[in-house]
Amino acid sequence: MKTRTMTITFLIIIALMIVIPLLMINGDFGGADGAGEQMIAELQPSYQPWFESFLSLPAETESMMFALQAALGAGFIGYVLGKFKGSATSSRSDD
Numbered sequence: 308m309k310t311r312t313m314t315i316t317f318l319i320i321i322a323l324m325i326v327i328p329l330l331m332i333n334g335d336f337g338g339a340d341g342a343g344e345q346m347i348a349e350l351q352p353s354y355q356p357w358f359e360s361f362l363s364l365p366a367e368t369e370s371m372m373f374a375l376q377a378a379l380g381a382g383f384i385g386y387v388l389g390k391f392k393g394s395a396t397s398s399r400s401d402d
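Per the working numbering, residue 308 is the first one in the sequence shown, and the count goes up by one each step.
In structure tokens form, the structure reads like this:
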């Protein structure tokens, strides 16, 4: 497959990944914590948590920490991919 064809294919896939969720107007965007609590309440209504959290952060701080974790992970993945690309390029130029 030509590079141009692959690029166009990937751009179409990315555009669909952006547009399709926006068209799901009645979609539920609940979190995993809420879904877990709901399932526990349905399956075992008498359940009592083992312990309470000793640190309760504001929602903004939790959101910031999640974004920081995502940024650090993306940076690490980018570094590793760049390292592999650089080593592959340098080994080709040595040949």
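Beta carbons are placed, not taken as given, at the ideal position from N, Cα and C, and that holds for glycine.
These numbers were taken from a predicted model, which means no experiment stands behind them.
Bounds of the alpha helix (DSSP H) holding GLN345 are 339–350. Here LEU375 carries a helix assignment [DSSP, helix/strand/coil]. In the DSSP assignment, LEU329 falls within the unbroken alpha helix (DSSP H) covering 310–330. SER397 carries a helical assignment under DSSP once its states are collapsed to helix, strand and coil.
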